[in-house]
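Heads up, the sequence shown stops at 759 in the numbering used here, and the numbers go up one at a time, no gaps. For glycine and all other residues, C-beta sits at the position ideal for the given N, C-alpha and C. In this text, all values refer to a predicted model and were calculated from it rather than measured experimentally.
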Amino acid sequence: MVLSLVSLTACLAKSGIADTREANLLAEKVVALVNSNEVDQLTKLALPEFFETIPRGVFPRLVAQVHGLGLLGKPVLSLDLGEERTYKVVAKSEGKPDFVLGLTLGAESKSRFFSLKISPWESANAPLTKLGSDNPLRTAIDRDIEASVQDYLRKFHPVGLTIGLIWKGKTSVWNYGQSRPGKAPTANTVYEIGSITKTMTGYLLAKAVGDKRVSLDQDIRTLLPDKYDNLEFQGKPISFRDLITHSSGLPANPPGIPDDAGAEAYDRYTSEGLLSDLATIRLTEKPGSRFSYSNMGGGLCGLLLARSYHRSFESLLNEQLWSPLAMKHTGIALTTEMEGQYATPHDAKGEETDRWNVHGIEGAGAVRSTMNDLLKYAMFNMKDSNPIVTMSHQVLNGDLYPKLGYFWLVGNSRLGGPYVHHEGGTGGFTANVRVFTKRKMAVVVLMNSGDQRADEIANSIALRVLYHPKR
């Protein structure tokens, strides 16, 4: 059971965060208004960007759902990360056992909120996954990492976990758990990075646009082998912009890869299958009008770039990104050395599962990499002197939400300033990369377990480091 009003931080932060006292008062006000079911007053407390993450029409129903749990008691501050503060709140209802909630609030200094999440409380007494670690716990940042990991392990249960941080010019890596039975992960352990691949596809497209090989609003059919009259709606064709902002109208996965497909379906798929599936698509609205996440669109973008350059997608990545950055242990095809460092994949229950060898839609999620290489990639994405990198981080989808650049999700943290981020996942791996471009900070999280929400621990680490009172 999840009662999530909104779990995303503001994307257009313009003013400062509240201090702890102000946030506590705002939390009490929010609880009082939920108790009286005063949706209009709650709405007045919400900053405009809050409603970029949740439709105004849905908000009253969610408030009513929480109101129906019983009378909420006084919120008790449990975790203070500055930009986010989490409170323990007990709901009491006659004849029913108490229901304990966690209220996570992003409070502005003018007593309004930019983010709000209410969900079942994760008890400090909840079963805690115990993972061995190389964390020496010597520095404040070591302890920040450990605290974030311990909080995370009360909700999720990865088998192995590697965390990387770039902060104040220093790169650090911590490892937890096992990459293989009896073997601890290292900075050179190979993980599947899933949809983080899309950000690399986005970089290739940004470079192609910068080199005037293609244009952002170009009809993608100019690079397809047939007419594909079906790939337009009311005279509006699908463009590269639509592909990289997930507004093309293409489905989440190609028809040849069902949404619940396992490793085998990805392994046997082909680019020919993608082109064939593309001919069966029927658009129901104009491209660019609505966000709908599409692996098919990501894979198609990679295929179109390969066709434009007359070479394979992997060779393009190697020539334009991996080789220049000396990412020697990143690839789609495995080298002997990568094979020897490949982590054992596990499903969400901790059972060993199959690797994903993604074919046909490589641009959506085929890449495997290491922490050392992804930290190089994160560092590269901090280079505001590189016009292609800067271009790849620019918001391209206007009023749509979430804000997207060249496949990167684009945010603006009150503590960290502008940042780009992306989650990645396969059946046996979960990953997250977030880069704070002005603060020159990056957090990378890699796990050899599927369906683990790496973004939660990456966000926690980033806020702890940024908000630490001695830094």
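- Message: Tell me the rounded alpha-carbon separation between A567 and Q506.
- Response: 19 Å
- Message: One question on the structure: do A742 and T718 come within less than 7 Å of each other, judged by their Cβ atoms?
- Response: yes
- Query: Do you know how far the Cα of E627 is from the Cα of L511?
  - Reply: 35 Å
- Message: Taking the straight line between their C-alpha atoms, what separation do you get for V585 and G523?
- Response: Going by the sequence as given, residue 585 is Gly instead of Val. The straight-line gap separating the alpha-carbon atoms of G585 and G523 is approximately 19 Å.
- Message: Measuring only the C-alpha atoms, how far is M615 from D661?
- Response: 5 Å
- Query: K500: buried (16+ other C-beta within 10 angstroms of its C-beta) or exposed?
  - Reply: exposed
- Query: Hey, would you say L593 sits closer than 7 Å to L492, going by beta carbons?
  - Reply: yes
- Task: Output yes or no for whether 7 Å exceeds the beta carbon distance between I508 and I532.
- Result: no
- What are the start and end residues of the alpha helix (DSSP H) that includes S564? S559 to L566
- Message: Considering only DSSP beta bridges, list what S657 is partnered with.
- Response: Y479
- Simplified DSSP state of N583, which is helix, strand or coil: helix
- Assumed close pair V437, H634 - CB separation to whole angstroms, cut-off 8 Å: Contact between V437 and H634 does not hold, since the beta-carbon distance rounds to 17 Å and is not under 8 Å.
- Item | T632 - containing alpha helix (DSSP H), residue span | No residue range can be given for T632, since it is assigned to no alpha helix (DSSP H) and is classified by DSSP as neither H nor E.
- With a CB to CB cut of under 6 Å and the five nearest residues on each side skipped, what residues in its chain are close to K637? none
- Message: So G651 and F601 are supposed to be a Cβ contact under 8 Å. How far apart are they, rounded?
- Response: 6 Å
- Item | For H355, the three-state DSSP class (helix, strand or coil) | helix
- Item | Cβ distance (whole Å) where A379 is taken to contact L393 below 8 Å | About 17 Å; that fails the 8 Å criterion.
- What are the start and end residues of the beta strand (DSSP E) that includes F444? Per DSSP, F444 belongs to no beta strand (DSSP E) and is neither H nor E.
- Item | Rounded Cβ spacing between H709 and L697 (contact assumed at less than 8 Å) | 5 Å
- Identify which residue in K456, L314 and R656 has its Cα closest to the Cα of K486. R656
- Message: Using only CA atoms, which one of T450, A306, R442 and G619 lies nearest to S763?
- Response: Residue 763 is absent from the model: the chain starts at 289 and stops at 759.
- Query: Fully enclosed by the stretch 484-551, which alpha helix (DSSP H) runs are 4 residues long or longer?
  - Reply: 485-498 and 528-532
- Message: So the candidates are S577, V723, L453 and K443; which of them puts its Cα closest to the Cα of D739?
- Response: The option with the nearest alpha carbon to D739 is K443.
- Taking C-beta to C-beta, are T618 and M670 nearer than 7 Å? no
- For the putative contact between A631 and T477, defined by C-beta atoms under 8 Å, what is the C-beta separation to the nearest angstrom? Correct: roughly 5 Å between the Cβ atoms.
- Query: Grouping DSSP H, G and I as helix and E and B as strand, with all else coil, what is E625?
  - Reply: helix
- Item | Nearest-angstrom Cα separation, counted from S381 out to I484 | 45 Å
- Task: Identify, in the order they occur along the chain, each residue of the same chain with its Cβ nearer than 8 Å to the Cβ of E744, setting aside the five sequence neighbours on each side.
- Result: Within the same chain, Y440, K443 and F444 come within 8 Å of E744 by CB-CB distance, once the 5 residues on both sides are set aside.
- Query: Can you give, in chain order, each stretch of the beta strand (DSSP E) that sits fully within the stretch 307-385 and has at least 3 residues?
  - Reply: 364-368 and 373-380
- When the Cα atoms are used, what is the spatial distance from L335 to T341? Here the alpha carbon of L335 sits roughly 11 Å from the alpha carbon of T341.
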